[in-house]
Every structure is written in structure tokens, then in C-alpha cells.
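**Student:**
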Amino acid sequence: MSIHRLSLIVLVGMFAAAQAGSAGTPEVFSRHDLDGDGYLSRAEYQRLQQDCLERRGERCRRALYRFESLDADGDDRISEDEIINRLGRRHRGGRSEPSRE
Amino acid sequence: MNIVPQTSRRAFLKFCALSASLLALPPEAARLLAEGLVRRGRVPVIWLSFQECTGCTESLTRSAAPSLERLLFESISLDYHHTLQAAAGAAAERARDKVLAAAAGELLLIVDGAVPTALDGACSTIAGEANLSLLRRCLAAAQAVLAVGSCASDGGLPAAAPNPTGAYGLAELMRRGMVPVRPLLNLPGCPPVPDVIGAVLAYRVAFGTFPPQDAQGRPLAFYGETIHDRCSRRGHYEAGRFAKAFDDAGARAGWCLLELGCRGPLTHNACATLRWNGVSNPIESGHPCLGCSEAGFWDRGRFYHPLDPAELPPAPAPSDRVQQGAQVYERHCIYCHDVDPARLKTLPAEVPALLRSDRIRAHRFRLEDDDMEALVAYLRHAK
Chain R
134 MSIHRLSLIV
144 LVGMFAAAQA
154 GSAGTPEVFS
164 RHDLDGDGYL
174 SRAEYQRLQQ
184 DCLERRGERC
194 RRALYRFESL
204 DADGDDRISE
214 DEIINRLGRR
224 HRGGRSEPSR
234 E
Chain Z
817 MNIVPQTSRR
827 AFLKFCALSA
837 SLLALPPEAA
847 RLLAEGLVRR
857 GRVPVIWLSF
867 QECTGCTESL
877 TRSAAPSLER
887 LLFESISLDY
897 HHTLQAAAGA
907 AAERARDKVL
917 AAAAGELLLI
927 VDGAVPTALD
937 GACSTIAGEA
947 NLSLLRRCLA
957 AAQAVLAVGS
967 CASDGGLPAA
977 APNPTGAYGL
987 AELMRRGMVP
997 VRPLLNLPGC
1007 PPVPDVIGAV
1017 LAYRVAFGTF
1027 PPQDAQGRPL
1037 AFYGETIHDR
1047 CSRRGHYEAG
1057 RFAKAFDDAG
1067 ARAGWCLLEL
1077 GCRGPLTHNA
1087 CATLRWNGVS
1097 NPIESGHPCL
1107 GCSEAGFWDR
1117 GRFYHPLDPA
1127 ELPPAPAPSD
1137 RVQQGAQVYE
1147 RHCIYCHDVD
1157 PARLKTLPAE
1167 VPALLRSDRI
1177 RAHRFRLEDD
1187 DMEALVAYLR
1197 HAK
């Protein structure tokens, strides 16, 4: 296979990937998003809580919000916006930017 | 012999930069390394294997930086290695003797394995010649010698009590006057980290000397710190989280292995920083450090037996600042990052600029300076 043909295939693949990305699939924002769907499911969040408890202790687990407190729209999953908004209200500096639509 | 034409200029300079980086040399050293390698050409090398397990040769052949083929064809001329040349038989022995005569005084000798001295050296022979006799002949023609592995450095397993073959490492043989004395560099480890062998060879070829050493003749760039100093589980040690058994929840969660016999606090080596070809090391794989790069480690008590607390370096108590930083991490960072901050790829000093750059959407919090400084202090502590 020639270099030119290989380059063409790579470019087509990159274009296809860009098109797929623009179709609305959210970016993975957390390493705890194990299935990579752009959201933290209830199971993934429970696993994070358990990880905190086992590896950092009870103080860390208690520092985490309850799942329901983060899931503002009640769709049983946590988006990046929901985390940004919730944490932004808590920390001492306050939130200075509006959330991205 | 000009070595540049055998590879691209870009690859050659990359190789020099990587080797200089591994040796913790200043930035301009990469250029000097490149010039040195071009100027000196290929250095004749003889590799002798005595009482050993072939693990050190395995280590060399798995070196990724620089790779073995680059070493062989561009930096050194490996004229004899009886493990790799076993099929050559007597021809290999003749080639070795020819090099000993032709390259006398220029030869770089590499030795792995301990040398038996009991029973007139009859415990280990190569082509009918006792190891001690062969070592004497090769050292007489050598400019310098590199002891690769714990056995060549201090006797290793063959020299462990009761040492039935009267085995010694090279330094001890020189000290006793049993072999000619030559400049010696020790690379202990069972086996040593492959990248260390390659980088030290590159340094020797380029500069004609060995890199700076510690009191045991080990290169400071790779043996200057303990495994514990750079351990990925150090945060758990500081926090008092210790695995009690190999299959308990703490072990599965990656807690400190000190109570399972880890000797990382007393062991100087580069395993925690270089890993094996950048992949992993025993501690990261869930096994305590056995201390294989320290002299006499086979006779230093039972494996898997906790160190005496008196041997441990004092653990500094976390400051209030660090505690504050830990809380900042738990209240913000942990939703997106690993619960163990030691796994963060961003260096602590770079965190403030990253957080305030607006390059990452979830980092748009405006942490107060006080919290930011505490977070950086905590991340440094955890690293």
C-alpha cells in the first residue's frame, strides 16, 4: 500500500471520527466514568464512594455529595455540568463563570 | 567510524536526549553526548557471564532506551557474549582471544555473575577455563569494567551463606588482590533495570569515563535515591494505610506493602522512577521490594518479614497545610481524578497555571490562593 493511499485512509478516518464526535456524544470528563458515556451512573458513583472509603478513609467518603444532590435534573446520571455547578456553589471562591450550554 | 549515517539524524539526537535525561544530565549534555558518540565510534566490548542465572542478559536484551540493536550497531562492538553466542562454539572463544590481543587497553569489559574461587575455581568454567582465570586475562586487557547485576557487584546469591563456591563480586576480588584493578562501576539489581545498563554504556562510550558514583560504586543518577523516596504507594505510607496480607482489601486498593516485608526504604535503585521499560515495577505489581540492589540482600533476614521499625526513616507528620490541601482535593478534584493524587500526571508546580488557564472546562473554579497553595503542598507531599 502506498504512503499516499495510507494517508488518504487516515484522513477519511479522522473526518469520520470528527463527524461522530459532533453528533452529540459528551466527552469523558471523569476517570470514574468507566463506560465512557460522558456521565457518571449511579453504579459508577457508588464505586467512587467505595474507592474513597477504602483508599482514603471515612473522611473522604463523607466529603462526597450524595448522588441525588449532584443529579440536578433527576435523570439518574451525573453530567459534567451538574458537577461543575454544584461544586462551584460550594467552594470558597464562588463560581465566576456561567455553565456552558 | 561515523555512526550517524546508520540512522536518521532525528532518531540519533532523540536517542542522545533520552540517554542524557535518564542520566539526569543538564540539557546541554545531550549535545555533548551526541558529539562524543560520533567522535569515539564503536567501543570493543567483551561480556563475561559467570555464576549467574542469565537474568542480566535478559535485562540487556529488553532495554528499550537505548535499544539493544542500537547499542550493538552504533555505540559498542559486542565482540563476545557466550550466552548469546552459544551456537558459535569454539569460534566464539577464538574471536574473544583475538579481540583481547587486538584491543588491549581499549576494551570495555562487562561482567555478570559472581566468580567462584574455591577448589581453584573448578566450580564454574567456560570452554574448560576457570572463571577466575578468564577474568584475570580479560581484565589485563581492559580499560574499565562494568559489573552488571548483584552477583557481579557483591557476590549475590552464589555468595550467600554458606557460600560453598567461595564466590565474590568484582570489587571484593580487586580488594583482595586476586585480579587486576581497573576502574569499576557497579550496577546491582537482580537483574538491574535494563534502561540503566544502556544509558551507562552510552555515557561510557561518549565521555570515556563512568558517571559519578556513590560509596558502593553505583551511578548516583540511578542509585541516589531509595525506592521509598519515589514509591507510587508513598502517600499510603504517610497516611498509615498498610496492606496486612497479599489478598486483603488494602492490597487490592494499592496500599503500602511495608508490613508485607517491603525493603523499599533501605534500597537504592531506579525501579520506582524508570520502571521496567516504563511499564511497571514489583511494588506497582503488588509485590514488596526485596532490596536486591543492596549488598548481601540474600542474607539480610527473611523475605516477606517486616523491617524493624528502628531501620525505617522517620515519617514526617503531615503539616496542617498538607491536611488542608488533602481536603481541597477531596472536595473538588476527586470527582474527576484518581482518589490517589500520586497518580496525577500533572506536576504539582504546574497545577495552578493549569487550573487558571481555562483550558479545561471542569477546572474553571476560582480557588483562593490559600487553597491553591495548600493543594500544591498536598500534591507534592503525595508524590
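Protein chains in written order, with our numbering: chain R, 134 to 234; chain Z, 817 to 1199.
Think of the CB as a built atom: it goes at the ideal place given N, C-alpha and C, for glycine as much as any other residue.
Values in this document were obtained by computation on a predicted structure and should not be read as measured data.
Leaving out five residues before and five after Q1032(Z) in sequence, what residues of the same chain have Cβ atoms less than 7 Å from its Cβ?
**Tutor:** For this step, residue 1032(Z) is matched to residue 216 along the second sequence. Once the five neighbours on either side are set aside, the close Cβ partners of Q1032(Z) are N1002 and A1111.
**Student:** Apart from the five residues on each side of it in sequence, which residues of its chain come closer than 7 Å, Cβ to Cβ, to A1193(Z)?
**Tutor:** For this step, residue 1193(Z) is matched to residue 377 along the second sequence. Result list for A1193(Z): R1137, V1138 and G1141, in chain order.
**Student:** Can you list the residues of chain Z that L167(R) reaches, using a CB-CB cut of under 8 Å?
**Tutor:** What you label residue 167(R) is simply residue 34 of the first sequence in a count that begins at 1. The contacting residues do not exist; L167(R) stays about 13 Å from chain Z at best.
**Student:** List the residues of chain R whose Cβ lies closer than 8 Å to the Cβ of V1155(Z), in chain order.
**Tutor:** What you label residue 1155(Z) is simply residue 339 of the second sequence in a count that begins at 1. Going along chain R in sequence order, the residues near V1155(Z) (Cβ under 8 Å) are L181, D184, C185, R188, R189 and C193.
**Student:** Closer than 6 Å by C-beta to C1078(Z): which residues in its own chain qualify, once you throw out the five before and the five after it? Chain order, please.
**Tutor:** Looking up residue 1078(Z) in the second sequence gives position 262. Cβ neighbours of C1078(Z) beyond the five flanking positions: P1104 and C1105.
**Student:** For the ligand SAH, any of its heavy atoms closer than 8 Å to the Cβ of E1100(Z)?
**Tutor:** Annotation note on the ligand SAH: not contained in the displayed structure, which lists no ligands.
**Student:** With 16 other CB atoms within 10 Å as the buried threshold, where does T1083(Z) fall?
**Tutor:** Reading the second sequence from its first residue, position 267 is the one you call residue 1083(Z). By the 10 Å Cβ count, T1083(Z) comes out buried.
**Student:** From what residue to what residue does the beta strand (DSSP E) around V1009(Z) run?
**Tutor:** For the purposes of this step, residue 1009(Z) is taken as the residue at position 193 of the second sequence. Unbroken run through V1009(Z): none, as it is neither H nor E.
**Student:** By DSSP, does L1106(Z) sit in helix, in strand, or in coil?
**Tutor:** Here residue 1106(Z) refers to the residue found at position 290 of the second sequence. Reduced to three states, the DSSP call for L1106(Z) is coil.
**Student:** Hey, is Q1143(Z)'s beta-carbon within less than 9 Å of any beta-carbon in chain R?
**Tutor:** Counted from its first residue, the second sequence places residue 1143(Z) at position 327. Q1143(Z) counts as touching chain R.
**Student:** Can the beta-carbon of L973(Z) be found less than 9 Å from the beta-carbon of A930(Z)?
**Tutor:** By one-based count along the second sequence, residue 973(Z) stands at place 157. By one-based count along the second sequence, residue 930(Z) stands at place 114. Yes, the pair counts as a contact, with Cβ atoms nearer than the cut-off.
**Student:** Which residue marks the beginning of the alpha helix (DSSP H) containing L986(Z), and which one marks its end?
**Tutor:** In the second sequence, the residue the question calls residue 986(Z) occupies position 170. Per DSSP, the continuous alpha helix (DSSP H) segment holding L986(Z) begins and ends at L986 to R991.
**Student:** Tell me whether R1034(Z) is buried or exposed, calling it buried when 16 or more other Cβ atoms sit within 10 Å of its Cβ.
**Tutor:** Here the question's residue 1034(Z) lines up with position 218 in the second sequence. Buried.
**Student:** Based on DSSP bridge pairs, tell me the residues matched to V1227(Z).
**Tutor:** Only positions 817 to 1199 of chain Z appear in the structure, and residue 1227(Z) is not among them; the question remains open.
**Student:** Suppose contacts are defined by Cβ-Cβ distances below 9 Å. Is D1154(Z) in contact with R164(R) by that definition?
**Tutor:** For this step, residue 1154(Z) is matched to residue 338 along the second sequence. For this step, residue 164(R) is matched to residue 31 along the first sequence. Contact flag set, yes.
**Student:** Got a sec: is the Cβ-Cβ distance from A196(R) to anything in chain Z below 9 Å?
**Tutor:** Numbered from its first residue, the first sequence carries residue 196(R) at position 63. Yes, A196(R) lies at the interface with chain Z (some Cβ there is under 9 Å from its Cβ).
**Student:** Is the stretch 1007 to 1022 of chain Z close to the stretch 826 to 838 of chain Z, with three or more CB pairs under 8 Å?
**Tutor:** yes
**Student:** Which residues in chain R sit within 9 Å of G1070(Z), going by Cβ to Cβ distance?
**Tutor:** The residue given as residue 1070(Z) occupies position 254 in the second sequence. R188, listed in chain order.
**Student:** Does any residue of chain R bring its CB to less than 9 Å from the CB of G1066(Z)?
**Tutor:** Within the second sequence, numbered from 1, the residue matching residue 1066(Z) stands at position 250. Taking Cβ atoms only, chain R reaches closer than 9 Å to G1066(Z), which makes this a yes.
**Student:** In its own chain, which residues sit with a C-beta less than 8 Å from the C-beta of Q179(R), not counting the 5 before and 5 after it?
**Tutor:** Sequence index remark: in the first sequence, residue 179(R) carries index 46 (1-based). Listed in chain order, the non-local C-beta contacts of Q179(R) below 8 Å within the same chain comprise F200, local neighbours out to five positions each way being set aside.
**Student:** Can you say whether C846(Z) is buried or exposed, counting buried as having 16 or more other CB atoms within 10 angstroms of its CB?
**Tutor:** The residue you call residue 846(Z) lines up with position 30 of the second sequence. Looking at the sequence provided, one finds Ala at residue 846(Z) rather than Cys. Counting Cβ neighbours within 10 Å, A846(Z) comes out buried, since at least 16 surround it.
**Student:** Is R1057(Z) close to chain R, meaning its C-beta is less than 9 Å from at least one C-beta of that chain?
**Tutor:** Reading the second sequence from its first residue, position 241 is the one you call residue 1057(Z). Yes, its Cβ sits closer than 9 Å to a Cβ of chain R.
**Student:** Just to check my reading of the structure: L924(Z) and Q959(Z) have Cβ atoms closer than 8 Å, yes? What is that Cβ distance to the nearest angstrom?
**Tutor:** Position 108 of the second sequence, counted from the start, is the residue given in the question as residue 924(Z). Position 143 of the second sequence, counted from the start, is the residue given in the question as residue 959(Z). Yes, L924(Z) and Q959(Z) are in contact; Cβ-Cβ is about 6 Å, under 8 Å.
**Student:** Would you say A156(R) lies against chain Z (beta-carbon separation less than 9 Å)?
**Tutor:** Residue mapping note: residue 156(R) aligns to position 23 of the first sequence, counting from 1. Any reading at A156(R) must be qualified, since the residue scores a pLDDT of 47, below 50, and its modelled position is unreliable; no value is offered.
**Student:** With a cut-off of 8 Å on the beta carbons, I'd call A1069(Z) and E187(R) a contact; round off their distance for me.
**Tutor:** Counting from 1 along the second sequence, the entry for residue 1069(Z) is found at position 253. Counting from 1 along the first sequence, the entry for residue 187(R) is found at position 54. Contact between A1069(Z) and E187(R) holds: CB atoms are separated by about 5 Å, below the 8 Å threshold.
**Student:** Is the CB of H1044(Z) under 9 Å away from at least one CB in chain R?
**Tutor:** Indexing the second sequence from 1 puts residue 1044(Z) at position 228. No - not a single Cβ of chain R is within 9 Å of the one on H1044(Z).
**Student:** Can you find a CB in chain R that lies within less than 9 Å of the CB of R825(Z)?
**Tutor:** Position 9 of the second sequence, counted from the start, is the residue given in the question as residue 825(Z). No, R825(Z) lies away from the interface with chain R (no Cβ there is under 9 Å from its Cβ).
**Student:** Exposed or buried, what is F162(R) when buried is set at 16 or more other beta-carbons lying within 10 Å of its beta-carbon?
**Tutor:** Here residue 162(R) refers to the residue found at position 29 of the first sequence. Burial call: buried.
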